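In my numbering, the protein residues as written are 9 to 324. Backbone N, C-alpha and C define an ideal beta-carbon position, used for all residues, glycine too. Because the structure is a prediction, the values reported are computed rather than measured.
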Ligand code: SER
């Protein structure tokens, strides 16, 4: 199938793997990667790349016109922990980039948009277990506020202007190809790195801080599946709850210990623990299952197996 795709934020944790997966599916030349900085050698060498600031409308428009882009995946964002340090910059990046892409679609310069939301849209007053698709949402982080506002704008552009925008609320994502950047759930990747490199890890969340988590392969599959389905299958135009597993640092540690028996973990919670306490422990993703057939494939055990198998071959 012919499709021309632009990925904004292609060098980040999700963007990198999404770029590889879409290039595999649609052909290297059909998928233009872009970011404000260059990415890994393998990403840069696998297809077209544009240096692009996602907050610059005119620059994105130029690239869209030049490459005759039909679909845009907007993966550029400032994550939860960093956003607490730079609130205004986070708001400007997260919101302006979204407006740019939504407006390109509104003007029919592109046909379809993917924009990620997050479990951070929920807040301290949201039911924490099996959090429903529609529920009380009072996010208390800068990042969460930007994601919740973004969801409202997506829904607004769909209903008001017929913009075909699609979104999922990603849980914390565990991956080995690229390092995460500035999130509250980054511990779930660091722990595997340190288990292999040092045999021990000091975690910045408490041992029992359970959060919704997912292996990256599932997240990429979900994203592509959602973008591939017929528009009329979708009943949610804000963002779909998406779930795979619910994990605490103690759970991941126990799973690593099965394979590295001497692994040691200690806990020194910082401000990120306060963020984690406002997020759900588990997510009800029935709507995603019903509407577009979502089904996760990775649990903690096969995630740990993949992480410990693949990380040693990576250089960071
Ligand atoms: N994983 C992200 C973070 O921790 C949440 O979307 O910021």
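Bridge partners - residue i, DSSP secondary structure assignment
i           : result
residue 220 : 254
residue 13  : 39 and 79
residue 174 : 122
residue 248 : 176
Bounding residues of the beta strand (DSSP E) (the contiguous stretch that carries residue i)
i           : result
residue 41  : 39 to 43
residue 290 : Careful: residue 290 lies outside any beta strand (DSSP E) and carries neither H nor E.
residue 57  : 57 to 59
residue 192 : Premise fails: residue 192 is in no beta strand (DSSP E) and is neither H nor E.
Span of the alpha helix (DSSP H) around residue i
i           : result
residue 101 : 95 to 114
residue 182 : First-last for residue 182: 180 to 182, but that is the beta strand (DSSP E), not the alpha helix (DSSP H).
residue 4   : Only positions 9 to 324 of the chain appear in the structure, and residue 4 is not among them; the question remains open.
residue 210 : Segment 208 to 211 is the beta strand (DSSP E) holding residue 210; no alpha helix (DSSP H) there.
residue 312 : 308 to 318
residue 85  : Neither: residue 85 is in no alpha helix (DSSP H) and is coded neither H nor E.
residue 305 : Premise fails: residue 305 is in no alpha helix (DSSP H) and is neither H nor E.
residue 69  : 65 to 74
The ligand ADP heavy atom lying under 6 Å from the CB of residue i
i           : result
residue 196 : Questions concerning the ligand ADP fall outside what the structure shown contains, since the ligands it does hold are the ligand SER.
Closer than 7 Å to chain C by CB, residue i
i          : result
residue 52 : Among the protein chains of the structure shown there is no chain C, as only one such chain exists.
Which of helix, strand or coil DSSP assigns to residue i
i           : result
residue 117 : coil
residue 129 : helix
residue 157 : helix
residue 139 : strand
residue 274 : strand
residue 237 : coil
residue 19  : coil
residue 243 : coil
residue 232 : helix
residue 51  : helix
residue 268 : coil
residue 146 : coil
residue 30  : helix
residue 185 : coil
residue 281 : helix
residue 46  : coil
Whole-angstrom distance between residue j and residue i, CA atom to CA atom
i           : j           : result
residue 307 : residue 104 : 35 Å
residue 273 : residue 107 : 43 Å
residue 300 : residue 233 : 8 Å
residue 264 : residue 22  : 23 Å
residue 253 : residue 11  : 32 Å
residue 235 : residue 229 : 10 Å
residue 201 : residue 302 : 30 Å
residue 36  : residue 14  : 12 Å
residue 62  : residue 208 : 38 Å
residue 56  : residue 40  : 5 Å
residue 279 : residue 241 : 40 Å
residue 30  : residue 231 : 10 Å
residue 154 : residue 102 : 6 Å
Taking 8 Å as the cut-off, does the segment 90 to 100 touch the segment 40 to 60 (at least 3 CB pairs, one atom from each stretch)? no
Is the segment 64 to 73 touching the segment 170 to 182, taking contact as three or more C-beta pairs under 8 Å? no
How about the segment 287 to 295 and the segment 138 to 153: do they share at least three Cβ pairs that are nearer than 8 Å? yes
Is it true that the segment 189 to 196 meets the segment 211 to 226, where meeting means three or more beta-carbon pairs spaced less than 8 Å apart? yes
Can you find at least 3 beta carbon pairs, one from the segment 117 to 137 and one from the segment 279 to 289, that sit closer than 8 Å? yes
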